[in-house]
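Taking it in order: structure first as structure tokens, then the write-up.
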Amino acid sequence: MKKSNSLLKKLPGYIGYGVGAVGLDLSYGMFYSFLSYYLSSVLGLKPAFLLILTPIARIWDGINDPMMGTIVDNTRTKFGKYRPWILIGAFSNAVVLTLLFTSFGMSGTKLYIYIAAMYILWGMTNTMADIPYWSMIPSFTSEAKERSLVATIARTFSGLGQGIITILTPIILPLLSTGMTTEKGYSATGFSRWAMICGIALILFSATCVFNTKETNVVYNEKQKFSFKQIFKTVAHNDQLVVFMIFAMLSNAGWYLTSSTAVYYFTDVLGQPKGQSLFQTIGAVGSVVGLLVIPMLSEKFTMRSIYTISLSMTILGYALMFLFGPVLKIAIALDICYILASVGISSMFVSQTVFLADIVDYGEYKNGSRSESITFSMKGFLQKMAYTIQTVILFGGLGIFGYNEQIKEGVINNATKNAIGTIAFGIPPILIIISMIVFRSKFKIHGELAEKIHSYITEKRAADGDEK
Numbered sequence: 016m017k018k019s020n021s022l023l024k025k026l027p028g029y030i031g032y033g034v035g036a037v038g039l040d041l042s043y044g045m046f047y048s049f050l051s052y053y054l055s056s057v058l059g060l061k062p063a064f065l066l067i068l069t070p071i072a073r074i075w076d077g078i079n080d081p082m083m084g085t086i087v088d089n090t091r092t093k094f095g096k097y098r099p100w101i102l103i104g105a106f107s108n109a110v111v112l113t114l115l116f117t118s119f120g121m122s123g124t125k126l127y128i129y130i131a132a133m134y135i136l137w138g139m140t141n142t143m144a145d146i147p148y149w150s151m152i153p154s155f156t157s158e159a160k161e162r163s164l165v166a167t168i169a170r171t172f173s174g175l176g177q178g179i180i181t182i183l184t185p186i187i188l189p190l191l192s193t194g195m196t197t198e199k200g201y202s203a204t205g206f207s208r209w210a211m212i213c214g215i216a217l218i219l220f221s222a223t224c225v226f227n228t229k230e231t232n233v234v235y236n237e238k239q240k241f242s243f244k245q246i247f248k249t250v251a252h253n254d255q256l257v258v259f260m261i262f263a264m265l266s267n268a269g270w271y272l273t274s275s276t277a278v279y280y281f282t283d284v285l286g287q288p289k290g291q292s293l294f295q296t297i298g299a300v301g302s303v304v305g306l307l308v309i310p311m312l313s314e315k316f317t318m319r320s321i322y323t324i325s326l327s328m329t330i331l332g333y334a335l336m337f338l339f340g341p342v343l344k345i346a347i348a349l350d351i352c353y354i355l356a357s358v359g360i361s362s363m364f365v366s367q368t369v370f371l372a373d374i375v376d377y378g379e380y381k382n383g384s385r386s387e388s389i390t391f392s393m394k395g396f397l398q399k400m401a402y403t404i405q406t407v408i409l410f411g412g413l414g415i416f417g418y419n420e421q422i423k424e425g426v427i428n429n430a431t432k433n434a435i436g437t438i439a440f441g442i443p444p445i446l447i448i449i450s451m452i453v454f455r456s457k458f459k460i461h462g463e464l465a466e467k468i469h470s471y472i473t474e475k476r477a478a479d480g481d482e483k
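Numbering (my numbering), first residue to last: 16 to 483.
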């Protein structure tokens, strides 16, 4: 009873924390779901440009993300360890998001240089907010079920942010667009205005999070200077972090492919750009169901079992989507099958967040050092690596089949349409199957080891409290 009352007291703070994810995912959704289409179909940039830019940006992220993690780990202010950076990062990212989707009438070499700079700056400013935000979860509680609740709340609001972007963007863009538009009514002006609105919302939601969340049970490590040696040591000595990065990167890349290719599929293959809104709305229903079942499943199943079930549902959903999409071309059946995949995907993301919190504890148990922010910086980095995989597959495919040339001619041939359908619904389940194999065979934080880690952390916190 006492435990239930304690949880009820914490719930408003957890909800306040979750609200911040809405804003972060407005920016995240614009970048990962619509930037590719904006650059290729609205600005007319060549696919080879992103194929070169994306790996270069990931090299910088490999330096910047853990660097930011170290900065957060070393932060000690009256305002807390994490919240100052969430606010600073959100404001910076909002400005850069608007600039990224605003071309100022540039063309040629100037436009390519400008987009490259904004692209890299978006990653940097997103990191400033994303790492401290998700790094807060282990500080709330060490209880597995309560962590699952916090992660579920955050992921619920995260899904809301994604839903706003994927559902409303195809509807709102034509309303905001003026001047030269694509055949579907999208213009550079429309994207710029919509990005600005999302940027303002990002700041407001992040401020709500920051001023309604209290940092509790924060563990301050001894201040460390940033060094590649320390970053490498943190990652290399935490074998479960490496395993996590591999299986999460593969599964995330699968979902990113569908998310980013959907606009091409509904616009260029089906000729129904607003059909994407229905598709994403139905997917959002599945996502909500997936988020709701996590707390219920956690009462009877371990996170390992829940994650396996989530991936299995996702794979089955994709198999059916490929059948009713590219093969049979029955749009309504494709939409319905997306519910099944979305239930699995949303459950998958919640589980991944819980796993990362467990990996932080595992690092302390094994190596004596928590390094929350460095560990959680790997989440952002693996997401960007997943986006790199998505970009290489998507733009590699579009380049091979001559998509840009066909857009200029106004006719997309059947081979290109089939390629888009396969990229959206055929390749993702293959990546997710490989991900599940890695997870089942290599991830070992479950059962007896998980119990040992929890006992160790609980006893250590109690001892630290006695010393104080």
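All C-beta atoms in this analysis are idealised placements derived from N, C-alpha and C, irrespective of residue type, glycine included.
Going by DSSP, what residue range makes up the alpha helix (DSSP H) through G362? First, the amino acid is wrong: residue 362 is Ser here, not Gly. That run of the alpha helix (DSSP H) goes 346 to 382.
Am I right that R98 and E230 are in contact with their C-beta atoms under 8 Å? What's the rounded C-beta distance? 7 Å
Using alpha carbons as the reference points, say which of T117, I152, G138, L306 lies closest to Y129. T117
As a quick exercise: from A356, P185, T113, pick the residue whose alpha carbon is nearest that of S48. P185
Got a sec? Which residues, its chain only, sit under 8 Å from I472 by beta carbon, not counting five neighbours each side? S157, D376, E379, Y380
CB A144 to CB A105, shorter than 7 Å? yes
Out of curiosity, what's the CA-to-CA distance linking L4 and I152? With the chain running from 16 to 483 in the structure shown, residue 4 is simply not present.
When you compare each of K315, P443, S56, L102 to K423 by their alpha carbons, which one comes out closest? S56
Mapping DSSP to helix, strand and coil, what is E420? helix
Can you give the Cα-Cα distance for Y148 and I86, rounded to whole angstroms? 14 Å
Is V177 helix, strand or coil by DSSP? This sequence places Gln at residue 177; Val is not what is there. Residue state, collapsed to three classes: helix.
Can you tell me whether I445 is buried or exposed, with buried defined as 16 or more other CB within 10 angstroms of its CB? exposed
Mark S320 as exposed unless 16 or more other C-beta atoms lie within 10 angstroms of its C-beta, in which case mark it buried. exposed
Classification of R455 by the beta-carbon crowding that lies within 10 angstroms, buried from 16 upward: exposed
For K5, which three-state DSSP category applies? Residue coverage of the chain in this structure runs from 16 to 483, which leaves residue 5 outside it and unanswerable.
Do S325 and K160 have their CB atoms nearer than 7 Å? no
Would L41 and L183 be called neighbours here (beta carbons separated by less than 7 Å)? no
Could you tell me whether the segment 342 to 351 touches the segment 252 to 262, using the rule of 3 or more Cβ pairs below 8 Å? no
Starting from F337, follow the alpha helix (DSSP H) in both directions and report where the run begins and ends. 318 to 337
Do I146 and G414 have their C-beta atoms within less than 7 Å of each other? no
What is the rounded straight-line gap between the Cα of G290 and the Cα of I345? 12 Å
Is it right to say S450 is buried, meaning 16 or more other beta carbons lie within 10 angstroms of its own, or is it exposed? buried
G84 versus F337 - alpha carbon distance: 39 Å
With a cut-off of 8 Å on the beta carbons, I'd call T140 and T406 a contact; round off their distance for me. Not a contact, Cβ separation roughly 19 Å.
Return the residue from the list F46, H252, W270 that minimises the CA-CA distance to Y180. Residue 180 is actually Ile in this sequence, not Tyr. Here the closest residue by C-alpha is F46.
Does DSSP put L70 in a helix, a strand or coil? It should be noted that the sequence gives Pro, not Leu, for residue 70. P70: helix per DSSP, three-state reduction.
Would you mind working out which of S163, S150, M393 sits nearest A251, comparing C-alpha positions? M393
Span separating the alpha-carbon of T317 from that of G286: 44 Å
Let me know if K399 comes out buried or exposed under the rule of 16 or more other beta-carbons within 10 Å of its beta-carbon. buried
Along the chain, where does the alpha helix (DSSP H) that runs through I452 open and close? 442 to 457
Reference M121; option with closest CA among L54, L175, L306, V284: L54
Give the straight-line distance between the Cα atoms of I261 and V453, rounded to the nearest whole angstrom. 8 Å
On the DSSP letters alone, give me the boundaries of the alpha helix (DSSP H) that K125 sits inside. 123 to 150
Can you say whether S274 is buried or exposed, counting buried as having 16 or more other CB atoms within 10 angstroms of its CB? buried
Whose CA, out of V426, T437, R73, lies closest to the CA of T276? T437
Count the other CB atoms within 10 Å of the CB of F226; is the residue buried (16 or more) or exposed (fewer)? exposed
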